[in-house]
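Have a look at the structure below before the remarks.
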Amino acid sequence: PYVATASIGNPFDFIRKMKKAAKVDGPAFVQVQCTCPTGWKSPLEKGVEIAKLAIETGVWPLFEIENGDLWNIKIQAPGGGAKV
192 PYVATASIGN PFDFIRKMKK AAKVDGPAFV QVQCTCPTGW KSPLEKGVEI AKLAIETGVW
252 PLFEIENGDL WNIKIQAPGG GAKV
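To convert, count from 1 in the sequence shown and add 191; that's our numbering.
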């Protein structure tokens, strides 16, 4: 089994995880964070920037779990992320 989080704020990571999930022999789930300009009342052109900030501030951690083992977790250390 494969479980991961991804974001439009990191397109290369997003594509890599989707390709990996497609190749898994068994269940795979990728939860993707993407902005919603209408619901979030944010400018359309700021969507990717907002998604990047979510990753950098730790609001949206990126991780992968393969066969029950946690791999590649990316969470900013407190104080080490972007200032919002």
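From the three backbone atoms N, C-alpha and C, an ideal C-beta is built for every residue, glycine too.
Counting only the Cα atoms, Gly259 lies some 30 Å from Val239. Asp204 is a Cβ neighbour of Leu253, given a cutoff of 8 Å. Of the candidates Gln222, Val221, Ala242, Ala242 places its Cα closest to the Cα of Trp231.
Taking 8 Å as the upper bound for CB-CB distance, Trp262 and Thr196 are not in contact here, some 12 Å apart. If you draw a straight line from the Cα of Ala213 to the Cα of Ile199, it is about 18 Å long.
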